[in-house]
Structure formats: structure tokens, C-alpha cells
Amino acid sequence: MPQGNTEFGFLLPTREMVMNQATPDFDQIIDLSERAEAHGFDSVWVGDSITARPRLEAFTTLAAVATRAQRVKLGTAVLLPALRNPVVLANEAANLDLLSKGRLILGLGSPPKRHWWKRNLPLAALTFSAALAFLKSA
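If you count by the numbering used here, then the sequence shown holds residues 235 to 372, one letter each, in order.
This is how it looks when you write it as C-alpha cells:
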């Protein structure tokens, strides 16, 4: 599909799967990734803006895709490192890259709005007790 150096990617509807269906259908996401690969796309992408609205988790979704789509690169669009422990994030990314045989494109970013940090960053630095309470309430 590329013309010259241009590559084409396909954004998988991971937010829509959560918001528009009672139970998200991973098989549908995997089927879409296989169809994108069959139609010549170079990559498939999943979003990660988990604080905006619900969506399927990026690494788990891409791991499932990696088991069936064999050629396309796998990208995160974009992952927010501020919400994750950097050691855990590096380990997750390395594992996904190994599972996919080197096809991971790790898209990283930060939110543009200052108020976002005040509202969301405290969640990334919870104590174990606070984190456990948060998980039980979710």
C-alpha cells in the first residue's frame, strides 16, 4: 500500500467497543486488524486516552492482535507515561515488543492542558492502601 516512503495505519475502534456495546468484542477488534493487514495497511493503532472516556487497554489489546496479525506494526496512539510506573511501562512495552517480534511502535505523549495534571496525576502516585481502595470502588 505505501507510495514511496509513506506508510498507512489503521486506528482500531477500542473506545467505541467499550462505549457502544454491553460487552466489548475482542474478536471483532482482532478481525479488524487482520482485515487491515490483508488490505495492505502497514500498522494498526490503539488509543490510550483512558482518562477522557473508557476504552480497551492498549497493551492487552495489542497483545491479542499480535497473536493473529503477523505483519502489521502495532502502535499506541498515544500512551500517557505519567499515569504509569516507568519500570512497569518499560517492562510491558518490552514484553509486547518480544511477543510481536519487534513490531511495537510506542507512541508517547502528554496532555496539553495544565488542569489535567492536577486532576489525574495524584491517581498515579497512590499508596498501596489508596490504590486498593480505588480498585475496589471502580
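Just so it is clear, CB atoms sit at the ideal spot from N, CA and C, and this is done for glycine as well.
Nothing here was measured: the structure is a model prediction, and the numbers come from that model.
If you draw a straight line from the Cα of Ala303 to the Cα of Ala272, it is about 9 Å long. Taking a 10 Å sphere around the C-beta of Phe242, we find fewer than 16 other C-beta atoms and assign the residue as exposed. The stretch 276-290 makes no contact with the stretch 318-331, as fewer than three CB pairs between them are under 8 Å. About 6 Å separates the CB atoms of Ile264 and Val299; that is less than 8 Å, so the two are in contact.
Out of Ala367, Asp331 and Gly309, the CA that lies nearest to the CA of Asp276 is found in Gly309. Less than 8 Å divides the Cβ of Ser267 from the Cβ of Val306.
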